[in-house]
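Chains S and V, in that order, are what the protein sequence lines are.
Residue numbers for the first sequence follow the numbering used here, so the first one is 1 and each next one is one higher.
Residue numbers for the second sequence follow the numbering used here, so the first one is 276 and each next one is one higher.
Even for Gly, the Cβ is constructed at its ideal location relative to N, Cα and C.
Bear in mind the structure is a predicted one, so any value in this text is a computation, not a measurement.
Reviewing the structure listed below.
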Amino acid sequence: MTWRAATRAFLSEPLVHFLIVGGAVFWLLAGRAPDLSERRIVVDKTVVGILAERFYGSFHRLPSPDETDGMIRDYVADQVYYREALRLGLDRGDEVVVRRLRRKLESLSVAEAETAEPSDNQLQALIDHDPARYADDPRTTFEQVYLGADSPAQRAAANTALAALRAGEPVNPQPAPLPARLDRASAAEISGLFGDEFALAVRGLPLGQWRGPLASGLGLHLVRVSARTAPVKPSLAAMRQRVTNDWRAAASARAQSDAYAKMLAGYDVAIELPK
Amino acid sequence: MRKAVMLAAMLVGATTLASGCKLVRQTVTGVTEVDNSVHPERVYWGDTHLHTSNSPDAFGFGNRLDAEAALRFASGEEVTSSTGIRAKLKRPLDFLVITDHSDGFGAIKDLYNAPRSFISDPTVLRWYDMLHTGPKESLQATREVIDAKTHDTLPKALMNPDGAAARLKSNWLQHIATVERYNQPGTFTALLGFEYTLMNGGNNLHRNVIFRDSGNRVSTVLPLASLGTIVPDGLWDYMDAYEARTGGKVLAIPHNSNLSNGEMFMFTDPTGGPMSAEYARRRAAHEPEVEITQIKGDSEAHPFMSANDEFAGYGTAGWDLGNLDNSAQAKPEMHAGSYVREALKRGLLIEQRTGVNPYKFGVIGSTDAHTSLATADDDNYFGKHPGVEPSATRAVDPQNLGSASGRFGWNYLASGYAAVWATSNSREAIFDAMMRKETYATTGPRMTVRFFGGWDFSGADLQGDWVKSGYARGVPMGGTLPPHPASTPGSGAPSFIVSALKDPIDANLDRVQVVKGWVDQAGQAHEKVFDVVWSAMDQRKAIGGKVPPVGDTVDVAKATYTNTIGAPQLTTVWSDPEFNPQQRAFYYARVLMIPTPSWVAFDMLRFHLTLDPSIPLKQQERGYTSAIWYSPV
Chain S
1 MTWRAATRAF
11 LSEPLVHFLI
21 VGGAVFWLLA
31 GRAPDLSERR
41 IVVDKTVVGI
51 LAERFYGSFH
61 RLPSPDETDG
71 MIRDYVADQV
81 YYREALRLGL
91 DRGDEVVVRR
101 LRRKLESLSV
111 AEAETAEPSD
121 NQLQALIDHD
131 PARYADDPRT
141 TFEQVYLGAD
151 SPAQRAAANT
161 ALAALRAGEP
171 VNPQPAPLPA
181 RLDRASAAEI
191 SGLFGDEFAL
201 AVRGLPLGQW
211 RGPLASGLGL
221 HLVRVSARTA
231 PVKPSLAAMR
241 QRVTNDWRAA
251 ASARAQSDAY
261 AKMLAGYDVA
271 IELPK
Chain V
276 MRKAVMLAAM
286 LVGATTLASG
296 CKLVRQTVTG
306 VTEVDNSVHP
316 ERVYWGDTHL
326 HTSNSPDAFG
336 FGNRLDAEAA
346 LRFASGEEVT
356 SSTGIRAKLK
366 RPLDFLVITD
376 HSDGFGAIKD
386 LYNAPRSFIS
396 DPTVLRWYDM
406 LHTGPKESLQ
416 ATREVIDAKT
426 HDTLPKALMN
436 PDGAAARLKS
446 NWLQHIATVE
456 RYNQPGTFTA
466 LLGFEYTLMN
476 GGNNLHRNVI
486 FRDSGNRVST
496 VLPLASLGTI
506 VPDGLWDYMD
516 AYEARTGGKV
526 LAIPHNSNLS
536 NGEMFMFTDP
546 TGGPMSAEYA
556 RRRAAHEPEV
566 EITQIKGDSE
576 AHPFMSANDE
586 FAGYGTAGWD
596 LGNLDNSAQA
606 KPEMHAGSYV
616 REALKRGLLI
626 EQRTGVNPYK
636 FGVIGSTDAH
646 TSLATADDDN
656 YFGKHPGVEP
666 SATRAVDPQN
676 LGSASGRFGW
686 NYLASGYAAV
696 WATSNSREAI
706 FDAMMRKETY
716 ATTGPRMTVR
726 FFGGWDFSGA
736 DLQGDWVKSG
746 YARGVPMGGT
756 LPPHPASTPG
766 SGAPSFIVSA
776 LKDPIDANLD
786 RVQVVKGWVD
796 QAGQAHEKVF
806 DVVWSAMDQR
816 KAIGGKVPPV
826 GDTVDVAKAT
836 YTNTIGAPQL
846 TTVWSDPEFN
856 PQQRAFYYAR
866 VLMIPTPSWV
876 AFDMLRFHLT
886 LDPSIPLKQQ
896 ERGYTSAIWY
906 SPV
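Here it is in structure tokens:
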């Protein structure tokens, strides 16, 4: 059983109170924050039940009477030490305690967000917030002739080759493991093969004409774009998986910062820097 | 283009963690169609070896990023690293395989999050308290866990078979659900897998296990634990059973042979007896690929065996001292079983004796990062684990995996990636390309490399559509030359088309070499490295069979280089001048980049460091193709 599942099991226990005050303040101790003047320690059926359940979680069998007695002794000792330590203020100024409690509270604040399902409205709002991110990448179909490294001599040769291509004559490219034609390539694919600069330059070329030389991270190219799709307005139907992933990835962080913001609002923080 | 439409059902809907954690709710929301080309038209880049916070050591080292963060990062999104640094790849990867350790999958994360009162074992309780004390103590606890795993002394409570089974299943199903949500055929492929962390003492026999299938098949098995075993046979049984029961497919990729003290590529079977044909066949069938380069060093070749190869020994410093945790030193005679080139030679020898080559594998590179961040760029290197994310001291700090001494930060490489010639960006196509070994490895740069072998290639082929000719009249990397056709003109020696293109945003290329290995009539294995095409061939004439160095433009103080030397592309047709049709042989291409600054140089610049002059600050990064084999009829 994971800790979260264990937490849920605890949350369903009648003795375990899950208090939400002002939206998000939690206590998760063996019931409630101890009243430091209370000197009674009660070991009732519910406490024994929880102890037995913990034992089962580790050993997958019920404890024997001796083992139960041992656990009760240990529980009482825990309570005595815990209350005495609080009374002495040992929880204060201990970084390990502070950090551990913070982690616990943070985990609780995101546990629900992790399994929540977003509504269509929430997803649509995410798309509307950043439509460019979800727009269907325009696709470009083009031919390219690779001419090798960029140099003044090669640029001159490129102009001769360009004239030949425009006259409908064949031109021998430099042999390289590059496709002579790309079909419906996305900007990301073009960038991956040639670099960003080239992808940007191809975007500005007119249709149906040999142009160049264009410089890429590989050298010089002559390019003829034959088709380009128009950008499509992003739709939730086409992008659902990705938007849901984005929503979910942000949900935990959002839940945590929301919970923190609400708690922080209840405090007056004064930062006094040394002069 | 053949319109072979592949249906990839995408499973979404997160795991529902009901009490008892046995349910996974999966909803089929869409079907993506991917077109497959007849032959691979482009290379896909990925990492087949990445750890997230589900790996016990990664979590202990401070990794708090889960599979979702890993997938988002690999697909090009910005994430915040475990130590709070904003991290983003300059270019997305095309695919990712998260391979968390099957041993204790999710265990340390669960232990950390468990109420303390659940823990009864005194050792586990001690580790629990160390994990919660601080980063230094957490690191120490993790080293102790690795030592215990290495020497098979992990407390039973940590691995307890009853409680662990339910926990493992819950973690595994949750992992699968996340990976399914990020698998977007055609755009970004997320494959399912795990690492089988097999060891014999500290001798590294680790394998990554990769499934071809979607979550509905893979969720019927749990990742197989390696604890208590020292040979891979149990893994192969598991793979056979999975395939027989589900009709799915699965492969395994050994890694870090360089830390196996000679046990990864043995001449014998694991009992020390002569390897049988049946054993050789089993190994080759289950393990079609080997990870040749990664963060913990490079396993291509070692100067001890390859004394005439001035480029052998890249990324071996520190790693060749001993096994994974350096609990046993490596003796020179062990090296032969630890490096890939030697394994390819041993494969020929075993084939000569038994008729089957156990080591007829292709190669890929991957990161093995334990940060959830698949980085292999020297200027964007996030280290082996969160304890060594960018900082002023990581280059010189001792960075040992167990608690023994031996290796320092600068011994680690910002390496590598897997390049796969697949017919589409999909699980099926990428997996199938690995099965036919049409893959290559790089130490990080995304150079494009084609390599075809045949009997009648000539320079004239380069004037036309030579890729088409390569497939029509030859075999690509990973293939076996067909028998020599009697009617073919020419010298009767095999010829190879090799073409390499620089990474569009990285440095120029120095040279392309063909590495040949063969077995003579006396049963001796040999190797030879041929420079086949290089930049400025007119000026750089070979002297005594060696091409002079390309030069060096690295300005270490600024961590820069210039592309004023080298060439953006190198292509040629090469025919083996020493071919003997009676001799078994393999050929693979090695592509060398011009010298560039290493990640240590970038750290020096970033953190204003003064380092010991013995620490190397530049390197020649490289790519290795899978081999093409020749066997006499």
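The C-beta of S/N121 comes no closer than 8 Å to any C-beta of chain V. By the neighbour-count criterion, in which a residue is buried when 16 or more other Cβ atoms sit within 10 angstroms of its Cβ, V/A716 is buried.
A residue is called buried once 16 or more other Cβ atoms fall within 10 Å of its Cβ, and V/R721 is buried on that count. Counting only residues of its own chain and dropping the five nearest sequence neighbours on each side, V/I869 has a CB closer than 6 Å to the CB of A782, N783, D785, V825, I840, G841.
Minimum Cα-Cα distance from V/A834 among the listed residues V/W809, V/L623, V/H883, V/Y687 corresponds to V/H883. When S/Y56, S/R254, S/M239, S/T244 are compared, the shortest CA-CA separation from S/A132 is found for S/M239. The continuous alpha helix (DSSP H) containing S/P152 extends over residues 152-166.
A contact is defined here as three or more CB-CB pairs under 8 Å, and the stretch 121-136 of chain S meets this definition with respect to the stretch 224-239 of chain S.
Of all residues in the stretch 232-266 of chain S, those with a C-beta nearer than 8 Å to a C-beta of chain V are R240, Q241, R242, T244, N245, R248, A249, reading in chain order.
Contact with chain V is absent for S/A201, since none of that chain's Cβ atoms lies less than 8 Å from the residue's Cβ. Proximity of chain S to V/W741 at the Cβ level (cut-off 8 Å) is accounted for by P175, in chain order. Among the CB atoms of chain S, none fall inside 8 Å of the CB of V/S501. Approximately 6 Å separates the beta-carbon atoms of V/I705 and V/F370; this is inside 8 Å, confirming the contact. Interface residue (Cβ-Cβ distance to chain S less than 8 Å): V/A704 is not classified as such.
Residues of the stretch 846-868 of chain V with a Cβ closer than 7 Å to any Cβ of chain S, in chain order: T846. Under the DSSP assignment, V/V787 falls in the beta strand (DSSP E) whose first and last residues are 784-794. Taking every protein chain shown into account, the CB of V/K365 has fewer than 16 other CB atoms within 10 angstroms, so this residue is exposed.
Rounded to whole angstroms, the separation of the alpha carbons of V/G523 and V/Q857 is 39 Å. In terms of Cβ geometry, S/N159 and V/R456 do not form a close pair [threshold 8 Å]. Using a Cβ-Cβ cut-off of 8 Å, S/L147 does not count as an interface residue toward chain V, since no Cβ of chain V sits closer than that to its own. Within chain V, the residues K777, D778, P779, I780, D781, P843 have their CB atoms less than 9 Å from the CB of S/G217, given in chain order.
Per the DSSP secondary-structure output, S/S235 pairs with nothing in a beta bridge.
Within the stretch 617-662 of chain V, the beta strand (DSSP E) runs of at least 3 residues that lie entirely inside it are, in chain order, 637-640. Excluding the 5 residues flanking it on each side, S/E197 has same chain C-beta neighbours closer than 8 Å at A215, S216, G217, in chain order. Distances from the CA of V/F586 to each of V/K803, V/G359, V/M812 were compared; the closest alpha carbon is that of V/K803.
Residue range 65-87 is occupied by the alpha helix (DSSP H) that includes S/Q79. The Cβ of V/T504 sits no closer than 8 Å to any Cβ of chain S. V/G612 and V/F540 do touch by the CB rule: their CB atoms are close to 5 Å apart, below 8 Å.
The residue among V/K411, V/L429, V/I421 with its C-alpha nearest the C-alpha of V/V399 is V/L429. Nearest CB-CB separation between S/P63 and chain V: not below the 8 Å threshold. The secondary-structure analysis by DSSP pairs S/Y146 across a beta bridge with S/H221. Across the structure, S/P274 and S/A113 are spaced so that their CA atoms are roughly 40 Å apart.
Non-local beta-carbon contacts of V/W447 in its own chain, meaning distances under 7 Å to residues more than five positions away in sequence, involve F380, L497, P498 in chain order. Counting the other Cβ atoms within 10 Å of the Cβ of V/G691 gives 16 or more, which makes it buried. DSSP places V/K606 in the coil class of the three-state scheme, outside both helix and strand. Per DSSP, reduced to three states, the secondary structure at S/Y267 is coil, with no helix or strand assignment.
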